[in-house]
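Residues in the sequence shown are numbered consecutively from 4, following my numbering.
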Amino acid sequence: MTATAAGSPAVQRVLQLHRTAGNAAVGRLLRSVITDIEVPAAVNHTHAGVLQDDSGLRHERHAGTPFVRDRFEDETGVDPSDVRQGNIGDCFFLSPLMATARINPRRIYNMVRGPIGESPTGGSVYEVKLYNAAGELVTHRVDDRFVTGGDGSPRYAQYGDNSAKGPELWVMLMEKAWAAQRGGFNNMDFGMASDGLRAVTGKSSTWHNIAAESTDTILENIWQAVQAGKPVVCNTPGTITGPAQAWAATNRITLIAGHSYNVESANRTDREIDVANPHGRNHLRALDVANFRMIFEWYGILDGSVR
């Protein structure tokens with residue numbers, strides 16, 4: 004360093020920070036401030052006659068880390084169990100996200116980068132890549148401020164695992180980027196799972212009406228998709244049927260109407276399908292294919308592998 008450089012105001016300011024506030028303050032000074040971040044508005048509308056108005060809730064910082072590797076998880080830290088849907092009907096995005104994370108965690112890991120800098124309010128900024136309707140990658144810049152309930156917890160997608168660095172945020176960051184891409188959380192409160200599959204993978208999907216297929220056909224289609232590394236999403240009807248309600252009551256399972264689930268695995272020998280719920284609970288494991296046919300109305304298979 005030259006004598007002139009050493010005497011410059013900028014360098015003197017850094018040296019002063021070293022003396023008075025330590026390395027943390029210096030790091031903050033040198034961290035770039037990014038102003039072109041996206042802040043999608045909270046839900047504020049009526050659905051099925053019920054008002055959901057989150058517009059008065061604060062966007063609060065939830066300092067954490069994008070990925071946390073828990074026991075038995077992939078080295079990236081991405082795991083389908085990290086997905087836990089919150090108080091918004093975006094199962095049509097979170098279920099495809101969950102299915103893709105199960106097959107190829109690295110693919111999801113590569114869609115989130117950062118922190119790349121600091122937001123004007125002091126939060127960490129991340130870059131999240133999602134596909135648009137044309138199958139093109141779009142990069143969103145979002146920070147770690149999220150719509151927050153009165154109890155201090157995230158209103159929408161919840162934390163993944165926890166660590167010494169704070170909670171795992173990759174699901175929340177991807178959900179926020181998806182809201183930004185759709186023009187606000189209002190526009191992702193219920194939608195088509197085919198859109199969610201495309202946003203996560205860039206690929207189209209083929210949908211099957213379950214009533215039009217035999218149990219053998221359903222099991223074979225889903226088994227082949229699982230073997231090929233193709234995400235499978237299955238949707239319940241708008242009203243759960245009487246037989247399905249009776250089955251759920253007997254098995255102490257809560258079924259959600261108009262909800263997107265996703266397939267974990269399929270067993271042709273036992274004729275069973277394991278189905279996961281993006282709520283993080285009420286999974287339908289070892290589900291007989293005949294009961295699968297009774298409970299669900301549609302299933303969709305991605306038109307290509309994500310391995």
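Positions of the beta carbon are idealized from the N, C-alpha and C atoms, including for glycine. Keep in mind the model is a prediction, meaning the values are calculated, not measured.
Q: Count the other C-beta atoms from every protein chain shown that fall within 10 angstroms of the C-beta of R109, then say buried if there are 16 or more, exposed otherwise.
A: For R109, the number of other beta carbons within 10 angstroms of its own is below 16, and it is reported as exposed.
Q: Tell me, please, whether the CB atom of A215 is closer than 8 Å to any CB atom in chain B?
A: Absence of chain B from the displayed structure is noted, only one protein chain being present.
Q. What separation, rounded to the nearest whole angstrom, lies between the Cα atoms of M175 and G187?
A. Approximately 14 Å between the Cα atoms of the pair.
Q. By a C-beta neighbour count over all protein chains shown, 10 Å radius and 16 as the cutoff for buried, is V14 buried or exposed?
A. Model confidence at V14 stands at a pLDDT of 46, short of 50, so the residue's coordinates are unreliable; what they give is reported in the following sentence. Exposed: under 16 other Cβ atoms inside 10 Å.
Q.
I'd like the list of long-range same chain contacts for S308, defined as Cβ closer than 6 Å, with 5 residues on each side in sequence excluded.
A. Closer than 6 Å at Cβ, skipping near neighbours: A231, G232, K233.
(Q) Let me check understanding here. Comparing Cα to Cα, which of T103, A252, K206 lies closest to L140? (A) When T103, A252, K206 are compared, the shortest CA-CA separation from L140 is found for K206.
**Q.** Residues near F70 in its chain [Cβ-Cβ closer than 7 Å; skip 5 each side]
**A.** If we look at F70 and ignore the five residues flanking it on each side, its Cβ neighbours are T79, G80, V81, Y112, E171, W173.
Q: Could you check which residue in F295, V292, A260, L290 has the C-alpha nearest to that of C94?
A: When each option's Cα is compared against that of C94, the closest is A260.
(Q) A66 and V131 - do their beta-carbons sit closer together than 8 Å? (A) Contact: no.
Q) According to DSSP, is F299 helix, strand or coil? A) Under the three-state reduction of DSSP output, F299 falls in the coil class, being neither helix nor strand.
Q: Look up Q55 in the DSSP assignment and say whether it is helix, strand or coil.
A: Of the three classes helix, strand and coil, the one that applies to Q55 here is strand, per DSSP.
(Q) Given this structure, state the Cα-to-Cα distance separating L133 from T142, to the nearest angstrom. (A) The straight-line gap from Cα to Cα measures roughly 7 Å.
Q) What's the C-alpha gap between D198 and S122? A) Their backbone Cα atoms lie some 29 Å apart in a straight line.
**Q.** Beta-bridge pairing of I304 - partner residues as DSSP gives them
**A.** For I304, which the question treats as bridged, DSSP gives the partners T209, V235.
Q. For F75, which beta-bridge partners are listed by DSSP?
A. In DSSP, F75 forms no bridge with anything.
(Q) Suppose the cutoff is 6 Å on Cβ atoms and the five residues either side in sequence are ignored; what does the same chain contact list for R61 look like? (A) Contacts found: T151.
Q: Give a yes or no on contact between the segment 236-246 and the segment 286-306, applying the rule of three or more CB pairs nearer than 8 Å.
A: Judged by Cβ distances under 8 Å, the segment 236-246 makes contact with the segment 286-306, as three or more pairs qualify.
Q.
Measuring only the C-alpha atoms, how far is T38 from V145?
A. Distance between the alpha carbons of T38 and V145: 10 Å.
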